[in-house]
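For what it's worth, the numbering used here labels the leading residue of the sequence shown as 50, then goes sequentially. Notes for the one structure printed next.
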Amino acid sequence: MDDRKDGLSAGPVVPPPNPSGLSASLERNITALQKRREDEAARATREEKVAEAITGFTGSMRFVYLHLVLYGGWILVNLGILPVIPAFDPSFVMLAMIASVEAIFLSTFVLISQNRTAAAQDKRADLDLQISLLAEHELTKLAEMVAEIREHLGIRTAVDREVPEVTRNVAPEAVMDAIEKQENSRSS
């Protein structure tokens, strides 16, 4: 039962769009991005693939369970709690050494994977920047055309004073310089 006095429901007036109705250009973009990622994965060197596989495994719960069993068993045996095997490392020096060497190699594999991920993210960031710059340029041109149409038709609006600012081209290098200048002034 509806508790609103006007008899209208509190839900949206227009039903949400059907998610299965993606536009052809959106489907093409999704397919292109998937293909690009598959191509990048295929171009990875053998070393990168090995590092990714190791990092993928070491970042899983199977790795945690394996370590619980191995290190837990090692500790239980050497504390004498699990007398199935005689103690072979009662001071745990070997365990510490093995864990240290393992940590060195695992951190190296993680860094290799992170470097590869960072390179892919840099490419995507460059693409995002290029698309944003193109969109900014196209919007500026559209604003110029609308301003000219407005001027030709003699239309006056409350935002007329903003038209010169909206129709100015943005120089990305000037924006970057301003950002760097502001960051440098904050750190000083």
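All C-beta atoms, glycine included, are put in the ideal place defined by N, C-alpha and C. Remember, it's a predicted structure, so these values are computed and weren't measured experimentally.
For Asp88, name the three-state secondary structure that DSSP assigns. helix
Alpha carbon to alpha carbon, what distance is there between Ala227 and Asn233? Annotation: Asn233 to Ala227 spans about 10 angstroms, alpha carbon to alpha carbon.
Using alpha carbons as the reference points, say which of Ser149, Ala148, Val133 and Trp123 lies closest to Pro139. Ranked by Cα distance from Pro139, the options Ser149, Ala148, Val133 and Trp123 are led by Trp123.
State the Cα-Cα distance for the pair Ala257 and Gln179, rounded to the nearest angstrom. With the chain covering only 50 through 237, there is no way to say anything about residue 257.
Kindly indicate which three-state DSSP category Asn218 falls into: helix, strand or coil? Of the three classes helix, strand and coil, the one that applies to Asn218 here is coil, per DSSP.
For Phe137, does the count of other Cβ atoms within 10 angstroms reach 16, so buried, or fall short, so exposed? exposed
Out of curiosity, what's the CA-to-CA distance linking Ala93 and Gly105? 15 angstroms
Contact between the segment 211-220 and the segment 187-203 is defined here as three or more beta-carbon pairs at a separation below 8 angstroms; is this criterion met? yes
Other residues of its chain near Ile40: CB distance less than 6 angstroms, five sequence neighbours each side excluded: With the chain running from 50 to 237 in the structure shown, residue 40 is simply not present.
What number of angstroms, rounded off, separates the C-alpha of Gly121 from the C-alpha of Glu101? Using only the alpha carbons, I get a separation of about 27 angstroms.
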